[in-house]
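Colleague: When you line the sequence shown up against numbering that gives the first Met the number 0, it's residues 0 to 195, in that order.
All residues carry an ideal CB built from backbone N, CA and C; glycine is no exception.
One structure is given below, represented as structure tokens, and several questions about it will come after.
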Amino acid sequence: MAKRLIVGITGATGALYGVRLLERLRALRGWESHLVLSDAGVLNAWQELGVKRRDIEKLADVAYHPKDIGAAIASGSFLTEGMVIAPCSMKTLAAVAHAHADDLVSRAADVVLKERRRLVLLPREAPLNLAHLRNMVAVTEMGGIVFPPVPAFYQRPKTIDDLVEHTVARVLDLFGVRSPKLRRWAGMKGTPPERG
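The following block contains the structure:
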């Protein structure tokens with residue numbers, strides 16, 4: 000049986016993270032993607048990438064409507080490896096932090112947490128207010144992983160795509176998927192210049 004990973008795409012900037020994650024999962028043998036794309040996520044994807052809901056849903060093995068609370072991923076008996084919400088809006092973060100499962104994205108996240116599976120959130124907001132920070136702490140205390148898509152400049156990225164690829168590969172690392180393309184930190188190279 001294929002390993003199943005739920006992907007939530009919500010209404011924060013950075014739709015490309017979720018799209019790229021779906022593309023990587025499609026290319027992986029033995030993995031199956033289950034997508035929930037919120038209505039606000041659709042708006043952002045159109046604004047940022049010029050793509051429609053159906054274009055993104057085609058990248059997933061299974062796609063669910065965000066109001067489909069009766070979907071397979073709304074139950075803990077449906078086995079998955081976990082869930083990634085990329086990008087994760089502050090509204091979705093708050094819903095997850097407070098178990099306010101009023102749509103399928105937050106319900107699926109709630110299920111992942113209660114079943115002690117891996118939940119990874121890529122929050123996209125800056126600056127952060129105290130409520131955002133407290134919600135991140137709450138999710139972390141429940142076992143979730145808060146993974147802001149912060150660029151790693153040691154890889155010397157040349158394009159935005161390089162930055163996105165690095166983040167997505169690091170997220171997949173958390174599920175045991177190793178990318179040969181990921182440039183990993185191997186320690187300082189050479190001798191730093193003398194201080195003046």
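Any idea if Ile-28 is buried or exposed, counting beta-carbon neighbours within 10 angstroms, 16 or more meaning buried?
Modeller: Position 29 of the sequence shown holds residue 28. Note that residue 28 is Arg in the sequence shown here, rather than Ile. It is exposed - the Cβ of Arg-28 has fewer than 16 other Cβ atoms within 10 Å.
Colleague: For Ser-76, is the classification buried or exposed, using 16 other Cβ atoms within 10 angstroms of its Cβ as the cut-off for buried?
Modeller: As a working note, residue 76 is residue 77 in the sequence shown. It is exposed - the Cβ of Ser-76 has fewer than 16 other Cβ atoms within 10 Å.
Colleague: For Val-104 and Thr-190, I'd like the C-alpha separation in whole angstroms.
Modeller: Stepping through the sequence shown from its first residue, residue 104 is reached at position 105. Stepping through the sequence shown from its first residue, residue 190 is reached at position 191. Cα-Cα distance, rounded: 48 Å.
Colleague: Please list the segments of the beta strand (DSSP E) lying wholly inside the stretch 19 to 79, counting only runs of 3 or more residues, in order along the chain.
Modeller: 30 to 36, 61 to 63
Colleague: Is any heavy atom of the ligand MG found at a distance shorter than 7 Å from the C-beta of Pro-126?
Modeller: By its list of ligands, the structure shown contains no ligand whatsoever, and the ligand MG lies outside what it can speak to.
Colleague: Below 8 Å on the Cβ atoms is my guess for Ala-107 versus Gly-7; work out the distance and round it to an integer in Å.
Modeller: For the purposes of this step, residue 107 is taken as the residue at position 108 of the sequence shown. For the purposes of this step, residue 7 is taken as the residue at position 8 of the sequence shown. Yes, Ala-107 and Gly-7 are in contact; Cβ-Cβ is about 7 Å, under 8 Å.
Colleague: Nearest-angstrom Cα distance between Arg-183 and Lys-113?
Modeller: Against the sequence shown, residue 183 aligns to sequence position 184. Against the sequence shown, residue 113 aligns to sequence position 114. Their Cα atoms are separated by approximately 33 Å.
Colleague: Do Pro-156 and Pro-150 count as a contact pair if the criterion is CB distance below 8 Å?
Modeller: As a first step, residue 150 must be located in the sequence shown, where it is residue number 151. As a first step, residue 156 must be located in the sequence shown, where it is residue number 157. Yes. Within cutoff.
Colleague: Leaving out five residues before and five after Thr-139 in sequence, what residues of the same chain have Cβ atoms less than 8 Å from its Cβ?
Modeller: Numbered from 1 along the sequence shown, position 140 holds the residue referred to as residue 139. The residues are Val-145.
Colleague: Just to confirm, are Cys-87 and Arg-123 a CB contact at a threshold of 8 Å?
Modeller: Residue 87 sits at position 88 when you count from the first residue of the sequence shown. Residue 123 sits at position 124 when you count from the first residue of the sequence shown. Yes, these two residues count as a Cβ contact at 8 Å.
Colleague: How is the alpha helix (DSSP H) around Met-82 delimited, first residue to last?
Modeller: As a working mapping, residue 82 is identified with position 83 in the sequence shown. Element bounds for Met-82: not the alpha helix (DSSP H) but the beta strand (DSSP E), 81 to 87.
Colleague: Ala-73 and Gly-40: beta carbons closer than 8 Å?
Modeller: As a first step, residue 73 must be located in the sequence shown, where it is residue number 74. As a first step, residue 40 must be located in the sequence shown, where it is residue number 41. Going by C-beta atoms, Ala-73 is not nearer than 8 Å to Gly-40.
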